[in-house]
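This report concerns only the one structure given below.
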Amino acid sequence: MEPIERLALANGLTMEIHDKSRAVAEDTFRVTLIIRIPVEVRPDYFADREGYELTRRVFGPVVVFEYRKDKNFVPAGSRHAAFQELLNDFKSAALEYVSRPRFPAGFVLSKYAEILKNPYRYGPA
Numbered sequence: 024m025e026p027i028e029r030l031a032l033a034n035g036l037t038m039e040i041h042d043k044s045r046a047v048a049e050d051t052f053r054v055t056l057i058i059r060i061p062v063e064v065r066p067d068y069f070a071d072r073e074g075y076e077l078t079r080r081v082f083g084p085v086v087v088f089e090y091r092k093d094k095n096f097v098p099a100g101s102r103h104a105a106f107q108e109l110l111n112d113f114k115s116a117a118l119e120y121v122s123r124p125r126f127p128a129g130f131v132l133s134k135y136a137e138i139l140k141n142p143y144r145y146g147p148a
């Protein structure tokens with residue numbers, strides 16, 4: 024999945040913008056915006072080495088923040104405007120949040136907390 028645009032964030036991460044829109048009828052589209060932000064799993068985010076190793080074992084060296092928004096039954100002539108509206112909505116609501124300096128560590132630690140909360144989902148620790 025190749026992004027249509029990449030945006031460098033203030034915290035050093037790169038936001039990838041994907042357009043996965045598709046036709047659902049001859050003149051109608053399902054407009055889909057996907058935002059992906061890869062975040063490296065780093066040992067300095069963790070209080071102990073075990074948490075770091077568990078998170079890397081489950082998710083690998085990079086975890087990906089992903090946001091997806093769809094808009095259905097968009098007329099073909101309005102497809103690009105609808106996509107831009109979804110993108111602008113994300114930027115106004117969440118761009119500041121994902122650009123914060125603490126976002127990478129907070130996101131990685133939330134994935135670690137997810138493992139601890141739902142160990143059955145991720146297999147034996």
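Going by this note's numbering, the sequence shown opens with residue 24, and the numbers climb by one from there. C-beta atoms are modelled at their ideal positions from N, C-alpha and C, and glycine is treated no differently. All values reported here derive from a predicted model rather than from experimental measurement.
- For the pair residue 73 and residue 36, the Cα-to-Cα distance works out to about 25 Å.
- Counting along the chain, no beta strand (DSSP E) covers residue 123, and no H or E run does either.
- In the displayed model, residue 92 falls within a strand according to three-state DSSP.
- DSSP, reduced to helix, strand and coil, places residue 70 outside both helices and strands of the structure shown, so it counts as coil.
- Residue 54 sits in a strand when the DSSP states are folded into three classes.
- Under the three-state reduction of DSSP output, residue 138 falls in the helix class.
- Sixteen is the threshold: when 16 or more other Cβ atoms of the shown chains lie within 10 Å of the Cβ of residue 127, as they do, the residue is buried.
- For residue 30, the enclosing beta strand (DSSP E) has its first and last residue at 28-31.
- Per DSSP, reduced to three states, the secondary structure at residue 76 is helical.
- In this structure residue 52 is buried. Its beta-carbon is surrounded by 16 or more other beta-carbon atoms within 10 angstroms.
- The beta carbon of residue 113 lies closer than 8 Å to those of 56, 58, 90 and 92 in the same chain, with the five residues before and after it left out.
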